[in-house]
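Notes for the one structure printed next.
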Amino acid sequence: MFQRNYETVFILTPVLSDVQMKDTVDKFVNLLKELGADVINVENWGLKKMAYAIDKKTTGFYVLVEFLADPSVIRKFEVEFRRDEKVMRFLTTVLDKHSIAYAERRRKGEFNKKAEAKEEATK
1149 MFQRNYETVF ILTPVLSDVQ MKDTVDKFVN LLKELGADVI NVENWGLKKM AYAIDKKTTG
1209 FYVLVEFLAD PSVIRKFEVE FRRDEKVMRF LTTVLDKHSI AYAERRRKGE FNKKAEAKEE
1269 ATK
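As structure tokens, this is what we get:
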């Protein structure tokens, strides 16, 4: 099977508790695994203020999932996002070679400004 690298960012409603939010993220990660995808990375960006209100809500829980999957998986995966009322928005993108390199560097923490500031302060 032909597999490609994908990245999905989704926003969950802010009225969820931490446990409900984690359960929802686990549900989508497990769905990917059931569909035969290899989950590379899951990042919880936390509760963030949005640029514009969605359903009269100005904040949301942002989550990023990187995975390797067959293109046929994406349709089934996105149908589950549409069915879940906890998901306010989602976006799935295909990663090209430059995006894959950037994602690897991000996972290693090369762009973490807080860690760089701590290193400079200790010197």
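In our numbering, the protein residues as written are 1149 to 1271. Note that CB positions come from ideal geometry on N, CA and C, so glycine has one too.
Q: Please work out which residues of its chain come closer than 6 Å, Cβ to Cβ, to Glu1191, disregarding the five sequence neighbours upstream and downstream, and give them in chain order.
A: Same-chain partners within the cutoff: Leu1212.
Q) Using the beta-carbon count (16 or more within 10 Å), is Gly1184 buried or exposed? A) Here Gly1184 is exposed: its Cβ has fewer than 16 other Cβ atoms, across all protein chains shown, within 10 Å.
Q: Might you give, ordered along the chain, the residues of its own chain that have their beta carbon closer than 8 Å to the beta carbon of Met1198, omitting 5 neighbours on each side?
A: Excluding residues up to 5 positions away in sequence, Ile1159, Lys1205, Thr1206, Thr1207 and Gly1208 lie with their Cβ nearer than 8 Å to the Cβ of Met1198 in the same chain.
**Q.** Beta-carbon contacts of Lys1181 that lie in its chain and below 8 Å, excluding the five residues immediately before and after
**A.** Take Lys1181, set aside five residues on each side of it, and the residues of its chain with a beta-carbon closer than 8 Å to its own are Val1187, in chain order.
Q. Thinking C-alpha only, which one of Tyr1210, Asn1189 and Val1163 is nearest Leu1195?
A. Minimum Cα distance to Leu1195 is reached at Tyr1210.
Q: Return the residue from the list Glu1258, Met1169 and Phe1150 that minimises the CA-CA distance to Met1236.
A: Closest option to Met1236, judged by alpha-carbon separation, among Glu1258, Met1169 and Phe1150: Met1169.
Q: Can you give me the Cβ contacts of Val1221 inside the same chain, cut-off strictly under 8 Å, excluding the 5 residues immediately before and after it?
A: Around Val1221: Leu1180, Leu1183, Gly1184 and Ala1185.
Q.
Please give me, in chain order, every unbroken run of the beta strand (DSSP E) with length at least 3 that falls completely inside the region 1222-1249.
A. Within the region 1222-1249, the complete beta strand (DSSP E) runs of at least 3 residues are 1235-1242.
Q: Give me the Cα-Cα distance between Gln1151 and Glu1214, rounded to the nearest whole angstrom.
A: Roughly 13 Å between the two C-alpha positions.
Q) Which first and last residues belong to the beta strand (DSSP E) in which Val1190 is found? A) Its beta strand (DSSP E) spans residues Asp1186 to Ile1202.
Q) Under a three-way DSSP split, which group does Val1177 fall into? A) Val1177: helix per DSSP, three-state reduction.
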